[in-house]
Amino acid sequence: MKFLAIDLNHPAHYLTVGPVSVSYGNLVMIALVVALFVVALVLPFPSHSDDDERSHK
Amino acid sequence: MSPQLSKHDPAKKWSGPTRKYDLIKEFVIAIVVVGLLAISLAALFSSPDEPALTLKSWAISDPADFIGTATGELAGTTVSAGYGAPYNTAAEGQVLGPLKLQKWAGVRIPINPADDFVIAPLAIDNDPAVVSAIAAWKAASVDQQGKWANAYADALGKSPKAITLPDPTGVFGPVPAIATGLYGLARTGALDGLLAAGDTPLPTNFTKPLLFLADSGTYFPDYAGARHLQGDQWGVMNETGSYPGQSWLWLYSFWYQIDPFKSSGNADVLVMATMTVLSLALLFMPFLPILRRVPEWIPIHRIIWRSWYRRKEE
Amino acid sequence: MSSKKMWTTRVRESTLERFEPKDLLPDVQPAYVASWIYIFGVATIAAFVMLVASGLVLTFEGPAWWHTSSIGHFYNSIHLWSVELFFVFMVVHLWGKFWMAAWRGRRWMTWITGVISFFASIVTGFTGYLIQTNFDSQWIATQAKDSFNSVGIGAYFNALNTGQAMLIHVSLLPLVLGGLVVWHVILVRRKGVVPPIEAGGSE
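Chains as they are written, first to last, in our numbering: chain A, 1 to 57; chain B, 1001 to 1314; chain C, 2001 to 2203.
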């Protein structure tokens, strides 16, 4: 059951800028976190106004 | 403006407009989606599993480094030998100003590297040369042991690829025979078991073999360095292969890349102290006077609640 | 009526008073809860469920199984990718809650249990990395020991003691983390989802 469609068992590549050096794997995860946050903020949330209820007394 | 949409005390129970919402359904959908995601990622990318190094693989792959480290243990010059608490009293350990946190913990995991890593395991070696060398070592004074071992360590340092050196004047004493004996033991694989099984024949505590391996001058650190796992390579964040690692440890790793941490002998305690302060700030954010107002001043919340604010205006 | 209530009665009555079923399992929520940012709490919990489930399989077969079995390796992979998803979702959730100043309205305990859960998750993940019984675990153990020893806790928590790390990872920390998460969610249900920041002050 080990398909290994994409084999990551090779030395990583790094993005190095000054003292900062990030592996591409980690860069993808960090980009994913930022992207998810931004998308979650801007993506319209479906509103079903007929579901809204007035406040309960 | 309808009363229930006017300013609401956040501590009070909400009595304004609501919408129908299925909590359990959301939970089930989350489990299914996240579950499928995890299973798909596992099927697609698998996970890394670089085999453990052993004292055997060390002796076979980098014999000179093994011999050099074994000699260093006898000379008391390795990291373990000069570590301090919790292993021994050879050093004060790291300090944070006046706080000697490392020393205060005491020697709770007593390790004598020369005896534990080198002399004791060789007790099973029947080779007459090793037997007499061990006897000569044990009979000598601590001073004499140091002279022999340091002389051999210095000589090995000048011949980096040497596994053994001739000793016509006897200045190295029994040390070459002991180091060579340990090297032979390691090559058979017996040393891995001997160091691990010190307290019990069915070990789960690998303190001794790992401390010995970590004393390696080149084999262990170079293996890690080739995989960008060293502290000054952001290693705390990284994983073997091209797999994502622990990106959530980015800030913890960061400090090790810059001074004063990078070149300090107290780097670890300084980083721990820094991260403790920052963690406490995150923990007590609700009570920190300026930081807790940041979400108000940088109004990302206006994006989150934009439909609500629009509704209020209408 | 007896003035001296039984302990059981007292616990039952105070529990029912503090935890009304309609608060614990509501079928409505405030109309302002209308953003995709709100799904990341439950997404984090879902990843935690996957961690426990895959972890239980690994527990059942023992720590060396995944080195020699492809099914075992597959479950290890599910466990590892669940960790990555867990932290991704938790961080997005944390960012969302920070920018909402979600501690308002006496919700500081919700925030605190959340942050402690974050730290507890890091420690749990760390002990997990320690028990891989491969090169990565050897390196992590020998490096981390220096940090722990520098502050004295290495004398009590020995990163080189695989047995200790394993028992802590598999029994102690899941209980602690599970307990924290349950407490955190109950607090959210009891206090309600924090309302929007209004103009003119956050409290």
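Glycine included, every Cβ here is placed at the ideal spot set by N, Cα and C. Fair warning: this is a prediction, and the values are worked out from it, not measured in the lab.
>> Determine whether the beta carbon atoms of B/Asp1125 and B/Leu1185 lie at a separation below 8 Å.
In response: On the second sequence, position 125 is the one that residue 1125 of chain B refers to. On the second sequence, position 185 is the one that residue 1185 of chain B refers to. Their beta carbons are under 8 Å apart, which means B/Asp1125 touches B/Leu1185 by this criterion.
> Nearest chain D C-beta to B/Ser1046 closer than 8 Å, yes or no?
Replying inline: You won't find chain D in this structure, because its protein chains are A, B and C.
>> As an exercise, report each continuous alpha helix (DSSP H) stretch of at least 4 residues that is fully enclosed by the region 2159-2200 of chain C, in chain order.
In response: 2162-2167 and 2173-2191
> Are three or more beta carbon pairs between the region 2050-2058 of chain C and the region 2073-2087 of chain C nearer than 8 Å?
Replying inline: yes
>> Assuming the contact rule is C-beta atoms closer than 8 Å, C/Leu2080 and C/Thr2127 should be a hit. Round their C-beta distance to whole Å, please.
In response: Here residue 2080 of chain C corresponds to residue number 80 of the third sequence, with the count starting at 1. Here residue 2127 of chain C corresponds to residue number 127 of the third sequence, with the count starting at 1. Rounded, the Cβ-Cβ distance is 14 Å, inconsistent with contact.
> Taking any Cβ of chain B, which residues in the region 21-46 of chain A have a Cβ under 9 Å from it, in chain order?
Replying inline: Ser21, Val22, Ser23, Tyr24, Gly25, Asn26, Leu27, Val28, Met29, Ile30, Val33, Ala40, Leu41, Val42, Pro44 and Phe45
>> Against chain A, does C/Ala2101 count as a neighbour if the rule is that its beta carbon must be under 8 Å from one of theirs?
In response: Counting from one through the third sequence, the residue named residue 2101 of chain C turns up at place 101. No, C/Ala2101 does not count as interfacial toward chain A.
> CB-CB under 8 Å to B/Leu1270, same chain, minus the five flanking residues each way: which ones, in chain order?
Replying inline: Here residue 1270 of chain B corresponds to residue number 270 of the second sequence, with the count starting at 1. Apart from the 5 residues on each side of it in sequence, B/Leu1270 sits with its Cβ closer than 8 Å to the Cβ of Leu1096, Trp1255, Pro1260, Phe1261 and Ser1264 in its chain, given in chain order.
>> Please report the straight-line C-alpha distance between B/Gln1102 and C/Val2011, rounded to a whole angstrom.
In response: Here residue 1102 of chain B is taken as the residue at index 102 of the second sequence, counted from 1. Here residue 2011 of chain C is taken as the residue at index 11 of the third sequence, counted from 1. Those two C-alpha atoms are separated by around 45 Å.
> Hey, B/Asp1215 and B/Thr1089: beta-carbon distance below 8 Å or not?
Replying inline: Counted from its first residue, the second sequence places residue 1215 of chain B at position 215. Counted from its first residue, the second sequence places residue 1089 of chain B at position 89. No, they are not a contact pair.
> Considering B/Thr1071, what are the terminal residues of the beta strand (DSSP E) in which it resides?
Replying inline: Sequence index remark: in the second sequence, residue 1071 of chain B carries index 71 (1-based). For B/Thr1071, no beta strand (DSSP E) run applies; the uninterrupted alpha helix (DSSP H) run containing it begins and ends at Pro1063 to Ala1075, by DSSP.
> At a Cβ cut of 9 Å, what residues of the region 1223-1244 of chain B count as close to chain C, listed as they run along the chain?
Replying inline: Tyr1223, Ala1224, Arg1227, Leu1229, Gln1230, Gly1231, Gly1235, Val1236, Glu1239, Thr1240, Tyr1243 and Pro1244
>> With a threshold of 8 Å on Cβ separation, who are the neighbours of C/Arg2018 within its own chain once the five nearest residues in sequence on each side are excluded?
In response: As a position in the third sequence, residue 2018 of chain C is number 18, starting the count at 1. Answer for C/Arg2018: Arg2190, listed in chain order.
> Of all the options B/Arg1019, B/Ala1064 and B/Gly1235, which has the alpha carbon lying nearest to the alpha carbon of B/Tyr1183?
Replying inline: Against the second sequence, residue 1183 of chain B aligns to sequence position 183. Cα-wise, what sits closest to B/Tyr1183 is B/Ala1064.
> What are the boundary residues of the alpha helix (DSSP H) that includes B/Gln1257?
Replying inline: One-based indexing of the second sequence puts residue 1257 of chain B at position 257. B/Gln1257 -> no alpha helix (DSSP H), and no H or E assigned at all.
> Thinking C-beta only, is C/Asn2134 closer than 8 Å to B/Glu1239?
Replying inline: In the second sequence, counting from the first residue as 1, residue 1239 of chain B sits at position 239. In the third sequence, counting from the first residue as 1, residue 2134 of chain C sits at position 134. No. Outside cutoff.
> What did DSSP end up calling B/Arg1310 once you bin it into helix, strand or coil?
Replying inline: Along the second sequence, one-based indexing puts residue 1310 of chain B at 310. Looking at B/Arg1310 - three-state DSSP - the assignment turns out to be helix.
>> Would you say C/Val2057 lies against chain A (beta-carbon separation less than 8 Å)?
In response: As a working note, residue 2057 of chain C is residue 57 in the third sequence. Taking Cβ atoms only, chain A never reaches closer than 8 Å to C/Val2057, which makes this a no.
> Quick one: what's got a C-beta closer than 7 Å to A/Lys57's C-beta in the same chain, skipping five residues either side?
Replying inline: Taking the first residue of the first sequence as 1, we reach residue 57 of chain A at position 57. The predicted model places A/Lys57 with a pLDDT of 36, which falls under 50 and marks its position as unreliable; any figure quoted below should be read in that light. Taken in chain order, the list of residues that qualify is empty.
>> Between the alpha carbons of C/His2073 and B/Gly1076, how many angstroms are there, rounded?
In response: Translated into positions along the third sequence, residue 2073 of chain C becomes position 73. Translated into positions along the second sequence, residue 1076 of chain B becomes position 76. Those two C-alpha atoms are separated by around 42 Å.
> Which of helix, strand or coil does DSSP assign to B/Lys1161?
Replying inline: As a working note, residue 1161 of chain B is residue 161 in the second sequence. Looking at B/Lys1161 - three-state DSSP - the assignment turns out to be coil, as it is neither helix nor strand.
>> Under 8 Å, Cβ to Cβ, is there at least one residue of chain A near C/Ile2037?
In response: The residue labelled residue 2037 of chain C in the question sits at position 37 within the third sequence. At least one CB of chain A lies nearer than 8 Å to the CB of C/Ile2037.
>> Using CA atoms only, rank isn't needed, just tell me which of B/Trp1248, B/Asn1205 and B/Val1131 is closest to C/Met2166.
In response: Your numbering for residue 2166 of chain C matches position 166 in the third sequence. Answer by Cα proximity: B/Asn1205.
> Hey, is B/Gln1102's beta-carbon within less than 8 Å of any beta-carbon in chain A?
Replying inline: Position 102 of the second sequence holds residue 1102 of chain B. No, no contact with chain A.
>> If the criterion is Cβ atoms closer than 8 Å, does the pair B/Ala1085 and B/Ala1105 meet it?
In response: Here residue 1085 of chain B is taken as the residue at index 85 of the second sequence, counted from 1. Here residue 1105 of chain B is taken as the residue at index 105 of the second sequence, counted from 1. Cβ atoms of B/Ala1085 and B/Ala1105: closer than 8 Å.
>> Please report whether the beta-carbon of C/Trp2007 lies at a distance below 8 Å from any beta-carbon of chain B.
In response: Within the third sequence, the letter at position 7 stands for residue 2007 of chain C. Answer no: the Cβ-Cβ gap between C/Trp2007 and chain B never drops below 8 Å.
> What in chain B is Cβ-close to A/Leu8, meaning under 8 Å?
Replying inline: By one-based count along the first sequence, residue 8 of chain A stands at place 8. Contacts between A/Leu8 and chain B, judged by CB atoms closer than 8 Å, involve Phe1045, Ser1046, Pro1048, Gly1241, Ser1242 and Tyr1243 in chain order.
>> I want to see whether chain B comes within less than 8 Å of A/Val17, judged by CB atoms only; does it?
In response: For this step, residue 17 of chain A is matched to residue 17 along the first sequence. Not an interface residue.
>> Quick check: what's the CA-CA separation for B/Leu1211 versus C/Asn2076?
In response: Translated into the one-based positions of the second sequence, residue 1211 of chain B becomes position 211. Translated into the one-based positions of the third sequence, residue 2076 of chain C becomes position 76. Roughly 27 Å between the two C-alpha positions.
> What residue does the beta strand (DSSP E) around C/Lys2022 start on, and which one ends it?
Replying inline: Stepping through the third sequence from its first residue, residue 2022 of chain C is reached at position 22. No beta strand (DSSP E) contains C/Lys2022, which is instead part of the alpha helix (DSSP H) from Pro2021 to Leu2024.
>> Would A/Lys57 pass as an interface residue toward chain C - the criterion being a Cβ-Cβ separation below 8 Å?
In response: Residue numbering aside, residue 57 of chain A sits at position 57 when the first sequence is read from its first letter. Only weak support is given to the placement of A/Lys57: the predicted model assigns it a pLDDT of 36, under 50, and the value that follows is read from those uncertain coordinates. With 8 Å as the cut-off, A/Lys57 does not count as an interface residue toward chain C.
>> Considering only the alpha carbon of each residue, which of B/Glu1092, B/Pro1209 and B/Leu1251 lies closest to B/Gly1198?
In response: Along the second sequence, read from residue 1 onward, the residue named residue 1198 of chain B stands at position 198. Closest option to B/Gly1198, Cα to Cα, is B/Pro1209.
>> For B/Lys1208, report the span of its beta strand (DSSP E) as first-last.
In response: As a first step, residue 1208 of chain B is located in the second sequence; it is residue number 208 there, counting from the start. No beta strand (DSSP E) holds B/Lys1208; the alpha helix (DSSP H) holding it covers Thr1207 to Ala1214.
> By the criterion of Cβ-Cβ separation under 7 Å, what are the contact partners of B/Thr1089 in chain C?
Replying inline: Residue mapping note: residue 1089 of chain B aligns to position 89 of the second sequence, counting from 1. Residues of chain C passing the Cβ test: none, with the nearest at roughly 13 Å.
>> Considering just the uninterrupted stretch of the alpha helix (DSSP H) at B/Ser1047, what are its terminal residues?
In response: Within the second sequence, the letter at position 47 stands for residue 1047 of chain B. Neither: B/Ser1047 is in no alpha helix (DSSP H) and is coded neither H nor E.
> Using the beta-carbon of each residue, which ones in chain C are nearer than 8 Å to B/Tyr1021?
Replying inline: The count along the second sequence starts at 1 and reaches residue 1021 of chain B at position 21. Here the neighbours are Pro2026, Asp2027, Val2028, Gln2029 and Val2033.
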